[in-house]
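Scroll down for the structure; my scribbles are underneath it.
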């Protein structure tokens, strides 16, 4: 027999060779010094490996030595479910449904709850594009579901690449269907009177002045924007100042510090603005939805008004219903309201006797949050329901993603990095997402990131609650026990959160810690892939 | 087959009694079973998984599974064998879920020319590196290779069991183990050892 190879030697030592082959090896070893040495070295290596692996050079964590406690009791489950369901119902009936109803009254009749939640899509391109965004989000959700279903059958990188590729294609296809002219000011940009842009116009400049006409939409990222011409599409503006003196056939969507409307808007106005003024010559033929610091409306509004503002002054013509929530409300002598007038204010409204109101205004005074009575049982019942809602959220999280749930809760142990990442992502991610939103193709990614960020903020309390419960009662070995610990942790966090002043900072720390732990858990899932990629 | 030792001494009859009580929902018996086996399973996980945190989490999750699956345990088989099977499956599944499974490795291995070690250098490597070095080297190894070594040389699993756990052909287990040994030697050698491999065919 010739010298045998290392594979044969190992199989011989491990008694994996058939009898005849083993006999052959045994005979050769008796006469071959080299092979005998190799066999001996491999045998010693096996012994060395066993001894090294068996060596107890690391302590066992104390919590793993303790006997686990019994899981959660049925009454605890039932109570939690009841409170959670009550919390969900309260949130729906107290917040979501009234908000949706108010929005519907103010002209958002095409939307459902989903479209309201994703109003940014409407802000972007109007309700038609909203449908596309909703479809895209549905597609993305379906993609995530497909990844989850295929996770055991495909390499995750493959499935992830396929789905991400499809999403990128979806994003790339959307803007391909519409042409747009992009202008960068140096530093300013002016579209002269008489000039016509036959497509959408996207302007990035220090000061943008539009004296000409635009057949499509006007989208601006500028410090100052003045529109004197005729815009046949929408005006979408992210700027410090926006002055609309001309005619806009479509909608005006504005994220601005100061918005002055002197011209005519063919459809709706939606703006999130510091100061807003409409001139008495201005006309809005659709609805107006405002989130404003100080707002003065002197012009004509044909549709509904929905306004959330610090102070609101109405001295113009309002063709339909008015729904207002404001710190201070003043209705001037020139005001005309043809529909219902409902207002929630912090201070008594100042309504001129000369104002022409079709129906008696319904004004209610709301107390400031800080005026809430800690002695009111309703307040504590409300807090209990909110605790239940967070518990239900944690339950769903645990059942859908048990591995991630425990990873995230466990990551709270790494307090310093968790806080660091938490603070970083708390502030950096929304900034990055908003910047991404400024790019045409990135708005879907940006909005989705913001939504995930918001979900992570809510999940932070659940993660910290689960970790806190584990710290107090010891580690759990069942879903019921884990839920019990999470419920206790959430209860403690909510109780501490009720303490005036201190509660705010505790909640802030909880959010930072929980958010950081979630980031660490996500990183932990990604880390092996990075290593594998490095190897390849 | 010899299995890893547990922390206490529980006879077969006592174990059977405890298992029967656990099946009946006795929390105290479950605590006793957990306390008996959790440290050993943690040590196994500590070797099979790359980090201590992974091992702690996995130990907890394994016992959650054990409690759920205890009804499927065939009492005619050794309990420790079943327990280690659950543990090894969980660890491998965990690694696989994290996409650490290196599918490319299979194809590479079957065509890989194996270089013969110099027996003298191999022995030198063993004298230069203690168990801490070996454990540190294990953490740097590809997961499949690490799992193979741990299953074979720590859990004393048979080739059939290793093949079943890792989802490979039985005939491939030997290759996997040999390759794992080579990788460990290389890692230790790079970390300061003097191990070198001779050219293929240069030594028997």
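Residue numbers (the numbering used here), protein chains in the order written: chain Z, 490 to 1025; chain U, 541 to 744. We treat Cβ as the ideally placed atom computed from N, Cα and C, and that holds for glycine. Keep in mind it's a predicted model, so treat the numbers as computed, not measured.
Using the three-state DSSP reduction, which class does residue i fall into: helix, strand or coil?
{"i": "residue 865 of chain Z", "result": "coil"}
{"i": "residue 940 of chain Z", "result": "helix"}
{"i": "residue 681 of chain U", "result": "coil"}
{"i": "residue 589 of chain U", "result": "coil"}
{"i": "residue 727 of chain Z", "result": "strand"}
{"i": "residue 562 of chain Z", "result": "No answer about residue 562 of chain Z holds up, because its pLDDT of 46 lies below 50 and its placement is not dependable."}
{"i": "residue 721 of chain Z", "result": "coil"}
{"i": "residue 700 of chain U", "result": "helix"}
{"i": "residue 744 of chain Z", "result": "strand"}
{"i": "residue 505 of chain Z", "result": "coil"}
{"i": "residue 551 of chain U", "result": "coil"}
{"i": "residue 594 of chain U", "result": "helix"}
{"i": "residue 979 of chain Z", "result": "helix"}
{"i": "residue 625 of chain U", "result": "helix"}
{"i": "residue 712 of chain Z", "result": "strand"}
{"i": "residue 705 of chain U", "result": "helix"}
{"i": "residue 777 of chain Z", "result": "strand"}
{"i": "residue 760 of chain Z", "result": "strand"}
{"i": "residue 902 of chain Z", "result": "coil"}
{"i": "residue 990 of chain Z", "result": "coil"}
{"i": "residue 496 of chain Z", "result": "helix"}
{"i": "residue 951 of chain Z", "result": "helix"}
{"i": "residue 745 of chain U", "result": "Only positions 541 to 744 of chain U appear in the structure, and residue 745 of chain U is not among them; the question remains open."}
Give me the Cβ distance between residue i and residue j, rounded to the nearest whole Å; I'm assuming they're in contact under 8 Å.
{"i": "residue 657 of chain U", "j": "residue 723 of chain U", "result": "Going by Cβ atoms, the distance from residue 657 of chain U to residue 723 of chain U rounds to 13 Å, so no, they are not a contact pair."}
{"i": "residue 824 of chain Z", "j": "residue 805 of chain Z", "result": "7 Å"}
{"i": "residue 734 of chain Z", "j": "residue 754 of chain Z", "result": "Wrong, their Cβ atoms sit about 12 Å apart, outside the cutoff."}
{"i": "residue 687 of chain Z", "j": "residue 706 of chain Z", "result": "Contact flag wrong, Cβ pair sits at about 12 Å."}
{"i": "residue 587 of chain U", "j": "residue 694 of chain U", "result": "6 Å"}
{"i": "residue 769 of chain Z", "j": "residue 788 of chain Z", "result": "6 Å"}
{"i": "residue 619 of chain U", "j": "residue 555 of chain U", "result": "6 Å"}
{"i": "residue 700 of chain Z", "j": "residue 680 of chain Z", "result": "6 Å"}
{"i": "residue 553 of chain Z", "j": "residue 580 of chain U", "result": "Going by Cβ atoms, the distance from residue 553 of chain Z to residue 580 of chain U rounds to 10 Å, so no, they are not a contact pair."}
{"i": "residue 819 of chain Z", "j": "residue 839 of chain Z", "result": "4 Å"}
{"i": "residue 726 of chain Z", "j": "residue 745 of chain Z", "result": "6 Å"}
{"i": "residue 525 of chain Z", "j": "residue 536 of chain Z", "result": "Residue 525 of chain Z to residue 536 of chain Z, Cβ: 17 Å. No contact."}
{"i": "residue 584 of chain U", "j": "residue 627 of chain U", "result": "6 Å"}
Going by DSSP, which residues form a beta bridge with residue i?
{"i": "residue 784 of chain Z", "result": "Z:765 and Z:801"}
{"i": "residue 667 of chain U", "result": "None; residue 667 of chain U has no bridge partner."}
{"i": "residue 678 of chain Z", "result": "Z:697"}
{"i": "residue 845 of chain Z", "result": "Z:825"}
{"i": "residue 819 of chain Z", "result": "Z:802 and Z:839"}
{"i": "residue 814 of chain Z", "result": "Z:797 and Z:833"}
{"i": "residue 771 of chain Z", "result": "Partner(s): none; residue 771 of chain Z has no beta bridge."}
{"i": "residue 672 of chain Z", "result": "Z:692"}
{"i": "residue 749 of chain Z", "result": "Z:732 and Z:766"}
{"i": "residue 959 of chain Z", "result": "DSSP, once it has assigned bridges, lists no residue as partnering residue 959 of chain Z."}
With the cut-off set at 8 Å, would you say residue i and residue j are in Cβ contact?
{"i": "residue 1005 of chain Z", "j": "residue 892 of chain Z", "result": "no"}
{"i": "residue 935 of chain Z", "j": "residue 917 of chain Z", "result": "no"}
{"i": "residue 746 of chain U", "j": "residue 715 of chain U", "result": "Absent from the structure is residue 746 of chain U, since the part of chain U shown begins at 541 and ends at 744."}
{"i": "residue 945 of chain Z", "j": "residue 1007 of chain Z", "result": "yes"}
{"i": "residue 764 of chain Z", "j": "residue 782 of chain Z", "result": "yes"}
{"i": "residue 727 of chain U", "j": "residue 680 of chain U", "result": "yes"}
{"i": "residue 711 of chain Z", "j": "residue 692 of chain Z", "result": "yes"}
{"i": "residue 955 of chain Z", "j": "residue 974 of chain Z", "result": "yes"}
{"i": "residue 498 of chain Z", "j": "residue 528 of chain Z", "result": "yes"}
{"i": "residue 685 of chain U", "j": "residue 720 of chain U", "result": "yes"}
{"i": "residue 972 of chain Z", "j": "residue 884 of chain Z", "result": "yes"}
{"i": "residue 785 of chain Z", "j": "residue 757 of chain Z", "result": "no"}
{"i": "residue 924 of chain Z", "j": "residue 1001 of chain Z", "result": "no"}
{"i": "residue 738 of chain Z", "j": "residue 708 of chain Z", "result": "no"}
Report yes or no: is there a C-beta of chain C within less than 8 Å of the C-beta of residue i?
{"i": "residue 956 of chain Z", "result": "Included in the structure are the protein chains Z and U, with no chain C among them."}
So, do the segment 528-535 of chain Z and the segment 563-573 of chain U have three or more beta carbon pairs nearer to each other than 8 Å?
Touching, no.
Would you check if the segment 827-847 of chain Z and the segment 797-816 of chain Z touch, i.e. whether three or more CB-CB distances between them fall below 8 Å?
Yes, the segment 797-816 of chain Z is in contact with the segment 827-847 of chain Z.
Given 8 Å, three or more beta-carbon pairs between the segment 557-567 of chain U and the segment 601-613 of chain U:
At 8 Å Cβ cutoff, the stretches touch.
contact_flag[the segment 845-857 of chain Z, the segment 875-890 of chain Z] where n(CB pairs < 8 Å) is 3 or more:
In short, these stretches do not touch, since the Cβ pair count stays below three.
Take every Cβ of the segment 974-983 of chain Z, pair it with every Cβ of the segment 945-952 of chain Z, and state whether three or more of those distances are shorter than 8 Å.
Contact between the segment 974-983 of chain Z and the segment 945-952 of chain Z is present, with at least three C-beta pairs closer than 8 Å.
Across the segment 895-915 of chain Z and the segment 593-603 of chain U, are there enough close Cβ pairs to call them in contact, namely three or more that are closer than 8 Å?
Touching, per the Cβ criterion.
Taking three-plus beta-carbon pairs below 8 Å as touching, is the segment 660-669 of chain U in contact with the segment 503-513 of chain Z?
With the cut-off at 8 Å, the segment 660-669 of chain U and the segment 503-513 of chain Z do not touch.
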